Structure formats: structure tokens, C-alpha cells
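Take a look at the structure set out below.
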Amino acid sequence: MSRKKFTSFLCGILLILFAGEASGRGGVVLVLSGGGTRGLAHIGVLEALEEEKIPIAGIVGTSMGSIIGGLTSGGYTTAELREVIANLDLTSLLSEKTNPIFVPLNQDSATPRSKIPWVALSAAGDVEVPLGGMTGVKLLERFAQLASRSQVVRFDELSIPFAAVATDLETGEKVVLRSGSLASAMRASMAIPALFDPWPIGGKLLVDGGLVSNLPVDTAKDLFPGYPVIAVDVSGTLR
């Protein structure tokens, strides 16, 4: 049996088991792991929930799971999510060149590393200047564009409650992001060490949440007590 067919079969079994409890509780809570391009499997679970008409009460995501979760919470359909993932040009997004339509944060002569997009970010009011190295600025720009496309800028505008998980670089502790800029939170959650600079939020330097909690089931249970939790781990072998 192929991985795709096995995933669909497994989703069907899980949804049968959770359907009754979910309807009684007002939905299920999804936990979406990191896992790079394997994050497409998250969309399959979302499609299965749609087919069974099981509502989503909340989503907690790490790294790629935070991207899928954040956009879903912002109103993206599964078809739109597949289009977004399919059209991600990682080679371009990993470059340090920024789009000239974006405005430097301080002065006109600022280097690309000191520029961040004002679309969907300045309105959020909590974005700070990243440090040197590969900042992943273009990646943040893309997240901001995706968020603004659904007219969602901040967490409090989401149609489904959502939390992104990151790691405090200094303490090594888990940081749960639930307020402020959605694009900034997604950027922090997938700040892969040695590839991207840590991302500053709230006085902390944050890196990829997968370092401490790649499948944050405990966080989901804490944030949404009493709800059935469906955890989707696409980080490696099936478990």
C-alpha cells in the first residue's frame, strides 16, 4: 500500500473514531508537525475532515505545520493550500534579494537584510528587525502576502483559533505564539538553524519549533482542554 493510500485509510479510521466525540465537543483540534514538503499530507487530513463535515475547533502547528495551520485558520481552502505549496519557489524564497516595492525599515540606503515587508506586518505593530546572516526576508514577504490575501493580518482576526510553536534560542524552551502578526509567527516557527537567522519576537530570538516540540500535542491539550486531538506527524517514518 502506498504512503498516500495508507494516509487516506488511516485518516478514515481516525475520523470514524473521533466523529461522535467531535460533534459533541464542537469539533476536533489538529496538531500539525514540521516536515518540510511532506507537509502536503496535512492537507489530506484537512480534506478528510471537510468530507466528513467535522469542524475544526483549533489548530497548533510547528514549522511547516504552522504554515498549513496558519493559512487554514485564516480561511484558505484545501484547494488553495495545494496551490500555494505547489507554487512555492524555495530557491527564490531562500535568496537574500528583496522585492523593491517593499520599504526599508529605517533609511533608503538600507541593505536588503534590514528590509521587511510592510504589507500585513506594519499593521500588526510587533515586528522587529532581524539580525545578520540569511534572514529569510523573502520567505517572510511571501507569508505576509499569503496572509493579506485572506485579509487576515493578526491572530485575533483568524476564523479558527491557532497557535504556532517556536523555540527560544537562548533558553531552549518552547514558545507558543498566539498573538500579533500571523506572518511573523509562521516565520519564527520555521526559522531552521544554520539556514535562517533567529526571528525576534517579544524580546526573544526564536528558531524552528521542531527543535523542542515537532508534534506539540501537549500544547494543544493545554490550549483546548476537553477537545479530541488529531495529531499528524509527517516528519519521518509512519508511527
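Following the numbering used here, the numbering of the sequence shown begins with 38 at its first residue and continues without gaps. All C-beta atoms, glycine included, are put in the ideal place defined by N, C-alpha and C. Remember, it's a predicted structure, so these values are computed and weren't measured experimentally.
How about residue i and residue j: are their beta carbons less than 8 Å apart?
i: G277; j: M101; result: This structure cannot speak to residue 277, because the chain is shown only from 38 to 276.
i: A225; j: I238; result: yes
i: I91; j: V65; result: yes
i: G111; j: A201; result: no
i: T109; j: L86; result: no
Could you please give the first and the last residue of the uninterrupted beta strand (DSSP E) stretch that includes residue i?
i: K241; result: 241-245
i: I80; result: Element bounds for I80: not the beta strand (DSSP E) but the alpha helix (DSSP H), 77-88.
i: I238; result: 236-238
From the DSSP output, in three-state form, read off residue i for me.
i: A231; result: coil
i: T204; result: strand
i: R17; result: Lying outside 38 to 276, the shown extent of the chain, residue 17 is not represented and no answer is given.
i: S218; result: strand
i: D226; result: The amino acid at residue 226 is misidentified as Asp; the sequence shows Ser. In this structure, S226 counts as helix in the three-state DSSP scheme.
i: G73; result: helix
i: T115; result: helix
i: S272; result: coil
What residue range is occupied by the uninterrupted alpha helix (DSSP H) comprising residue i?
i: G107; result: 101-110
i: V269; result: No alpha helix (DSSP H) contains V269, which is instead part of the beta strand (DSSP E) from 266-269.
i: L260; result: 254-260
i: I91; result: Counting along the chain, I91 falls outside any alpha helix (DSSP H), and DSSP gives it neither H nor E.
Within 10 angstroms of the Cβ of residue i, are there 16 or more other Cβ atoms? Answer buried if so, exposed if not.
i: G170; result: Residue placement at G170 is flagged as unreliable, the pLDDT there being 43, under the threshold of 50; the coordinate-derived value follows with that caveat. Counting Cβ neighbours within 10 Å, G170 comes out exposed, since fewer than 16 surround it.
i: I267; result: buried
i: D245; result: buried
i: K152; result: In this prediction, K152 scores a pLDDT of 32, lower than 50, which makes its location untrustworthy; no coordinate-derived value is stated.
i: P235; result: buried
i: N124; result: exposed
i: P262; result: exposed
i: T74; result: exposed
i: L232; result: exposed
Have a look at the DSSP bridge pairing and note the partners of residue i.
i: V97; result: V68, A200
i: V213; result: V202
Considering only heavy atoms of the ligand GDP, does any lie closer than 7 Å to the CB of residue i?
i: L219; result: Within the structure as shown, the ligand GDP is missing, as the structure has no ligands at all.
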